[in-house]
Amino acid sequence: MSLGMKQHVLLAAYLISDSSVMLFDEPLNGLDPGSIDILNRLIRQWQKEGKTILLSSHAIANIQSICSKACFLKNGEIVTESSNMEEILAIYRKLYEV
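Here the working numbering = 1-based position in the sequence shown + 6.
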């Protein structure tokens, strides 16, 4: 089974669960653009429903579009967190020299 198919199976599991907390580790890996769009819309819907979503990702553009707060890790340590998207981008660029 491909990585994208595994991601689809995990997403389907969340769709049938009624969990108030959802954990995603690099959920965009292996997904095509259409599936990424669907995942983003689902995450926004779950947020509206009051669900808590913890998501790890290196895809800063996606984080910026769907997350209300971000924290950054460097060498396994939390170095900062913010709810301000402009600040999040500035921190990302500084920490990862982008």
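Where a beta carbon is used, it is the ideal one built from N, C-alpha and C, also for glycine.
Provide the residue span of the alpha helix (DSSP H) that contains residue i, from first to last.
i: Asp43; result: Pro39 to Lys54
i: Glu93; result: Met91 to Tyr102
Is the beta carbon of residue j closer than 7 Å to that of residue i?
i: Ile42; j: Leu34; result: yes
i: Gly36; j: Leu16; result: no
i: Lys80; j: Leu60; result: no
i: Cys73; j: Ile84; result: no
i: Lys57; j: Ser23; result: no
Classify residue i as helix, strand or coil using the three-state DSSP reduction.
i: Val15; result: helix
i: Leu34; result: coil
i: Ser71; result: helix
i: Lys57; result: coil
i: Met7; result: coil
Starting from residue i, trace the beta strand (DSSP E) both ways and give me its first and last residue.
i: Ser88; result: Glu83 to Ser88
i: Ala76; result: Ala76 to Lys80
Excluding the 5 residues preceding and the 5 following residue i in the sequence, name in chain order all residues of the same chain whose CB lies nearer than 6 Å to its CB.
i: Ile66; result: Tyr98
For residue i, I'd like the list of residues in its chain whose CB is within less than 8 Å of its CB, leaving aside the five on either flank, ordered along the chain.
i: Ser71; result: Asn46
i: Leu95; result: Ile66 and Gln70
Only counting the same chain, and skipping five residues up and downstream in sequence, which positions put a Cβ closer than 7 Å to that of residue i?
i: Tyr20; result: Met28
i: Met91; result: Gln70
i: Gln53; result: Ile59
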